[in-house]
Each structure stands twice: as structure tokens, then as C-alpha cells.
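In the UniProt record's numbering, the protein residues as written are 1 to 325.
Each residue gets a CB set at the ideal place from its N, CA and C atoms; glycine is no exception.
What follows is the structure, encoded as C-alpha cells:
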């Protein structure tokens with residue numbers, strides 16, 4: 001197993017592989033596996049390399065727990081396959097779950113101080129109880145079309161018409177909902193001044209609106225803020241199964257399933273990007289089971305075992321909002 005440790009410098013948080021006497025023998029196979037996977041993705045999957053500067057952002061502080069480290073490995077592997085950055089919150093800044101918006105705001109400030117061509121364009125927040133299912137799908141495949149990235153993430157579909165360009169993009173946040181409303185366990189956020197204003201408002205909400213009930217703490221605050229006139233027009237609520245699917249059965253059932261009978265739309269199936277164990281009563285065991293299954297599973301694109309590919313759905317969604325793919 002590859003384990004990670006966090007180190008906080010005066011400028012940023014980094015993730016490093018845990019040193020050990022035989023680290024030299026352990027690290028290269030992990031990197032080699034990512035290289036092999038990247039080649040398979042290029043050969044068998046419909047995705048092409050994207051040009052966006054994207055960062056995967058998460059939090060791992062407090063007592064280290066093996067199952068969360070196992071989950072994080074899937075994100076680290078994905079970042080190595082696709083060349084994205086990984087940012088990890090290692091030490092709490094404020095109290096409890098409010099560390100999420102506090103860290104994101106901290107990161108946004110640091111990025112916006114960089115020259116535009118050097119800063120991240122988007123960040124994907126992922127809670128630590130999430131695992132990547134499809135290592136081939138790039139995060140950019142969910143984003144709205146833009147001039148620099150137009151038609152770069154998917155090798156299928158209609159070609160861009162000569163002279164056609166996407167409209168000016170006013171989408172700055174992609175979120176999903178479940179039966180409780182907003183679920184911010186996974187979301188995509190554009191790095192800009194709008195994002196700074198948003199997370200400033202989220203972090204301050206409980207202090208300026210103490211009378212408002214927040215059953216899910218910072219998640220509820222984010223939901224309240226996103227309803228306001230200032231932020232709702234730049235926010236897109238996308239289908240949950242795009243990048244925040246929930247478990248639809250045991251790990252081996254997922255692997256062996258012959259069809260999608262009995263599965264609800266939000267439940268994970270082969271070809272989905274990620275599975276989120278939000279509210280799972282046996283989260284530790286579930287993550288171990290799914291990680292073990294994924295380690296033994298073959299490449300679903302090479303083996304033609306994909307049950308759902310949302311690529312066409314994503315394209316249709318953005319076209320419906322006036323963006324051409």
C-alpha cells in the first residue's frame with residue numbers, strides 16, 4: 001500500500017509519499033502503473049488529454065485512518081494519470097466542518113495572487129469518503145466548453161463548426177443534490193474572484209445569520225448562500241451521477257453486475273467517475289471492500305464493460321444552456 005503524509009510549508013500544503021526503508025522499491029511501481037493506465041486510457045477510452053489546470057482538493061487531518069488513506073490513493077493515482085495537482089488540508093484552521101470552506105478560501109487567495117497563466121483554473125473538492133471508479137475520465141470532461149479546451153476532452157461526437165466558439169462562460173460552480181438537498185461532498189469550482197466572494201459568504205454565514213438553522217453545518221450554509229441573487233446565476237446543478245454517485249450495492253455486486261436492473265439513477269455503475277459513501281453506516285469496511293475490488297478489476301474500456309458513459313449527456317446539458325460542444 002502507498003501511504004501519504006502531509007507537510008505544511010509557509011506557502012502551501014503538499015502531499016508526500018511516506019518514506020520507508022524499501023520506499024525505492026514501492027514508489028516506482030505506483031508511478032509505472034499510472035503510466036501504463038494513461039496509455040490504456042489513450043488507446044481504449046473516448047477521452048483525450050485536456051488542457052485545463054485543475055487541482056484536486058481534500059482534507060485529511062486528525063488521526064490517520066487506513067480506509068481514508070486507501071480512498072485517497074485512488075485520487076492520487078488519478079492525478080498521476082491526468083497530470084492534475086493535489087492539494088490537501090493537513091491541519092485544522094477553524095472548528096469542525098467549517099474547515100472545508102476555510103481551507104478552500106485560503107487556497108483561492110493563494111491561487112489568485114499568482115499570475116493568471118500560472119494559477120489553477122478549476123478545483124475539484126472531494127470529501128475523503130470518495131473513491132475514483134473510472135481512472136480514464138478526466139475531470140475536465142464535466143466542465144462547460146471554453147475556447148482553450150473546446151472539444152479537447154472527448155474524441156467522439158460532432159466536430160466544431162468552422163468559426164464557431166462557445167459563448168462567454170458564466171458558469172463558475174458545478175454542484176449536485178440528493179434527497180437532503182445540496183450535497184457538497186464533491187463539486188467543481190472555477191478559481192476567480194467570484195469564488196472568493198462565495199466562500200467568504202459561506203464562512204461568514206453562521207455569524208451574520210445566527211437565526212438560520214444549519215442542519216448540515218457548512219453544507220447548509222453553502223446551500224443558503226447559493227440561493228441568493230449574487231450567486232445563483234453562476235451555479236449549475238448537474239445530475240448527481242455525473243461525479244457524485246452513491247453506492248448501489250456491495251463492491252463485488254458492482255463488479256459482477258450484468259445489467260442495471262434495480263439501480264436508481266444516482267447509484268454507481270461501471271463507467272461512472274466516482275462513488276461517494278456519504279452517510280454509510282459501515283464506511284470503513286465499504287471503502288476497504290471497494291478499494292480491494294478496484295485493485296483487482298480490469299480496465300472497463302479495454303474489456304468493453306462500461307454500463308454508463310455520461311459523455312453525450314454532459315454535452316447535451318451544456319448545449320441546452322447555449323454552449324456548443
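Could you name the residues that DSSP lists as bridge partners for residue i?
i           : result
residue 122 : 54, 190
residue 302 : Residue 302 is not bridged to any residue.
residue 236 : 174
residue 89  : 59
residue 275 : 131, 245
residue 183 : 176
Considering only residues of the same chain and omitting the five flanking positions on each side of residue i, which have a CB-CB separation below 6 Å?
i           : result
residue 127 : 185
residue 290 : 131, 251
Are the beta-carbon atoms belonging to residue i and residue j less than 8 Å from one another?
i           : j           : result
residue 202 : residue 225 : yes
residue 193 : residue 52  : no
residue 195 : residue 97  : no
residue 45  : residue 301 : yes
residue 37  : residue 81  : yes
residue 270 : residue 305 : yes
residue 74  : residue 132 : yes
residue 242 : residue 175 : no
residue 323 : residue 138 : no
residue 198 : residue 123 : no
residue 264 : residue 248 : yes
Which whole-angstrom value is the C-beta distance of residue i and residue j, which I expect to be below 8 Å?
i           : j           : result
residue 276 : residue 245 : 7 Å
residue 34  : residue 72  : About 15 Å; that fails the 8 Å criterion.
residue 240 : residue 178 : 6 Å
residue 170 : residue 234 : 6 Å
Alpha carbon to alpha carbon, how far is residue j from residue i? Give it in angstroms, no decimals.
i           : j           : result
residue 267 : residue 236 : 21 Å
residue 274 : residue 117 : 29 Å
residue 39  : residue 204 : 46 Å
residue 67  : residue 288 : 6 Å
residue 57  : residue 211 : 31 Å
residue 320 : residue 114 : 34 Å
residue 129 : residue 55  : 18 Å
residue 260 : residue 253 : 11 Å
residue 119 : residue 49  : 19 Å
residue 286 : residue 70  : 11 Å
residue 280 : residue 180 : 15 Å
residue 207 : residue 105 : 17 Å
Can you list, in chain order, the residues of its chain with a C-beta nearer than 7 Å to that of residue i? Leave out the 5 residues immediately preceding and following it.
i           : result
residue 255 : 293, 297
residue 187 : 125, 173, 174, 175
residue 158 : Here the model assigns residue 158 a pLDDT of 45, short of 50, so the residue's position is not dependable and the matter cannot be decided.
residue 341 : In the structure displayed, the chain extends from 1 to 325; residue 341 sits before or after that span and is not available.
residue 167 : The pLDDT assigned to residue 167 is 49, lower than 50, so where the model puts this residue is not dependable, and the model offers no usable value.
Excluding sequence positions up to five away, which residues of its chain have a Cβ less than 8 Å from the Cβ of residue i?
i           : result
residue 135 : 37, 41, 74, 77, 78, 81
residue 308 : 241, 260, 269, 270, 271, 272
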